[in-house]
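This report refers to the structure that appears directly beneath it.
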Amino acid sequence: MAGLSEHIWWLILAGSIVIFLLVGLIIVSIIISNKKLLRLQQERIDEIKKSEEMYADLFNNVSDLVYIHQFDGKILKINEAVEKLLGYKVEEIIGQSFQK
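Here it is as C-alpha coordinates:
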(Lines of atoms letter the chains of each structure in order from A and count residues from 1; the text may use other names and numbers.)
(Lines give C-alpha, C1' and ligand atoms only; values in the text may rest on other atoms or scores of the structure.)
Protein backbone atom coordinates (compact mmCIF):
# COMPACT_ATOMS: atom_id res chain seq x y z
CA MET A 1 0.00 0.00 0.00
CA ALA A 2 2.91 2.31 0.69
CA GLY A 3 4.08 1.83 -2.88
CA LEU A 4 0.69 2.88 -4.27
CA SER A 5 0.50 6.10 -2.23
CA GLU A 6 4.09 6.89 -3.20
CA HIS A 7 3.19 6.31 -6.85
CA ILE A 8 0.16 8.63 -6.53
CA TRP A 9 2.32 11.24 -4.83
CA TRP A 10 4.75 11.17 -7.79
CA LEU A 11 1.85 11.46 -10.24
CA ILE A 12 0.48 14.46 -8.37
CA LEU A 13 3.94 16.04 -8.29
CA ALA A 14 4.49 15.40 -12.02
CA GLY A 15 1.00 16.74 -12.83
CA SER A 16 1.64 19.84 -10.75
CA ILE A 17 4.93 20.44 -12.55
CA VAL A 18 3.24 20.05 -15.93
CA ILE A 19 0.46 22.46 -14.93
CA PHE A 20 3.04 24.94 -13.61
CA LEU A 21 5.00 24.75 -16.88
CA LEU A 22 1.85 25.18 -18.97
CA VAL A 23 0.79 28.21 -16.96
CA GLY A 24 4.31 29.61 -17.36
CA LEU A 25 4.17 29.09 -21.12
CA ILE A 26 0.80 30.79 -21.31
CA ILE A 27 2.10 33.78 -19.35
CA VAL A 28 5.21 34.03 -21.54
CA SER A 29 3.11 33.83 -24.72
CA ILE A 30 0.81 36.58 -23.41
CA ILE A 31 3.81 38.79 -22.63
CA ILE A 32 5.30 38.20 -26.08
CA SER A 33 1.96 38.90 -27.77
CA ASN A 34 1.53 42.11 -25.78
CA LYS A 35 5.04 43.28 -26.71
CA LYS A 36 4.32 42.63 -30.40
CA LEU A 37 0.99 44.43 -30.12
CA LEU A 38 2.59 47.41 -28.40
CA ARG A 39 5.32 47.56 -31.07
CA LEU A 40 2.74 47.49 -33.87
CA GLN A 41 0.67 50.09 -32.08
CA GLN A 42 3.71 52.38 -31.74
CA GLU A 43 4.50 51.91 -35.43
CA ARG A 44 0.94 52.96 -36.32
CA ILE A 45 1.17 55.98 -34.02
CA ASP A 46 4.45 56.99 -35.67
CA GLU A 47 2.84 56.65 -39.12
CA ILE A 48 -0.09 58.82 -38.03
CA LYS A 49 2.23 61.47 -36.59
CA LYS A 50 4.23 61.54 -39.83
CA SER A 51 1.02 61.87 -41.83
CA GLU A 52 -0.20 64.69 -39.58
CA GLU A 53 3.13 66.51 -39.95
CA MET A 54 2.95 66.20 -43.74
CA TYR A 55 -0.63 67.49 -43.75
CA ALA A 56 0.23 70.42 -41.46
CA ASP A 57 3.25 71.29 -43.61
CA LEU A 58 1.14 71.24 -46.77
CA PHE A 59 -1.71 73.19 -45.15
CA ASN A 60 0.55 75.87 -43.69
CA ASN A 61 2.98 76.32 -46.58
CA VAL A 62 0.78 76.29 -49.67
CA SER A 63 0.48 79.73 -51.30
CA ASP A 64 -3.25 79.36 -51.96
CA LEU A 65 -5.94 80.10 -49.42
CA VAL A 66 -6.90 76.88 -47.60
CA TYR A 67 -9.47 76.67 -44.84
CA ILE A 68 -11.63 74.24 -42.91
CA HIS A 69 -15.17 75.19 -41.95
CA GLN A 70 -18.18 73.71 -40.24
CA PHE A 71 -21.38 72.87 -42.07
CA ASP A 72 -22.86 76.22 -40.99
CA GLY A 73 -19.90 78.12 -42.54
CA LYS A 74 -17.98 78.88 -39.35
CA ILE A 75 -14.25 78.89 -40.12
CA LEU A 76 -12.35 76.47 -37.90
CA LYS A 77 -8.89 76.74 -39.44
CA ILE A 78 -7.28 78.84 -42.15
CA ASN A 79 -3.72 79.04 -43.41
CA GLU A 80 -1.48 82.10 -43.33
CA ALA A 81 -2.05 82.83 -47.03
CA VAL A 82 -5.14 84.75 -45.85
CA GLU A 83 -2.81 87.55 -44.72
CA LYS A 84 -1.11 87.84 -48.11
CA LEU A 85 -4.22 87.35 -50.24
CA LEU A 86 -6.94 89.12 -48.23
CA GLY A 87 -5.03 91.22 -45.70
CA TYR A 88 -6.64 89.61 -42.63
CA LYS A 89 -4.81 88.02 -39.76
CA VAL A 90 -5.53 84.34 -39.11
CA GLU A 91 -6.87 85.21 -35.64
CA GLU A 92 -9.40 87.63 -37.16
CA ILE A 93 -10.89 84.97 -39.43
CA ILE A 94 -11.05 81.96 -37.08
CA GLY A 95 -14.58 81.65 -35.70
CA GLN A 96 -16.11 83.92 -38.33
CA SER A 97 -18.83 82.65 -40.61
CA PHE A 98 -19.21 82.89 -44.37
CA GLN A 99 -22.82 83.85 -43.77
CA LYS A 100 -21.88 87.26 -42.31
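Just so you know, the numbering used here puts 91 at position 90 of the sequence shown, and the rest follows in order with no gaps. C-beta atoms are modelled at their ideal positions from N, C-alpha and C, and glycine is treated no differently.
(message) Can you tell me whether Ile46 is buried or exposed? The criterion is at least 16 other CB atoms within 10 Å of its CB, across all chains shown.
(response) The sequence position of residue 46 within the sequence shown is 45, counting from 1. Under this definition Ile46 is an exposed residue.
(request) Reducing DSSP to helix, strand and coil, say where Tyr109 ends up. (result) Outside the displayed range of the chain (2 to 101) lies residue 109, so it cannot be described from this structure.
(message) Let me make sure I understand the geometry here. Which of Leu77, Lys85 and Lys90 has the alpha-carbon closest to that of Asp65?
(response) For the purposes of this step, residue 65 is taken as residue 64 along the sequence shown, with counting starting at 1. Here the closest residue by C-alpha is Lys85.
(message) With the cut-off set at 8 Å, would you say Phe99 and Asn80 are in Cβ contact?
(response) Locating residue 99 in the sequence shown gives position 98, where the first residue counts as 1. Locating residue 80 in the sequence shown gives position 79, where the first residue counts as 1. Taking 8 Å as the Cβ cut-off, Phe99 and Asn80 do not qualify as a contacting pair.
(request) Using alpha carbons as the reference points, say which of Lys51, Gln97 and Ile28 lies closest to His70. (result) Here residue 70 refers to the residue found at position 69 of the sequence shown. It is Gln97.
(request) Mind checking who His70 pairs with in its DSSP beta bridge? (result) The residue you call residue 70 lines up with position 69 of the sequence shown. In the DSSP output, where bridge partners are listed per residue, His70 has Ile76.
(request) For Ser98, write down the residues that DSSP places opposite it in a beta bridge. (result) Here residue 98 refers to the residue found at position 97 when the sequence shown is read from its first residue. Paired residue(s): Lys75.
(message) Nearest by alpha-carbon distance to Val83: which of Ile94, Gly74 and Asp73 is it?
(response) Residue 83 sits at position 82 when you count from the first residue of the sequence shown. Closest in C-alpha terms to Val83, from the list Ile94, Gly74 and Asp73, comes Ile94.
(message) Going by DSSP in three states, Asp47 sits in which element: helix, strand or coil?
(response) By 1-based counting over the sequence shown, the position of residue 47 is 46. Residue state, collapsed to three classes: helix.
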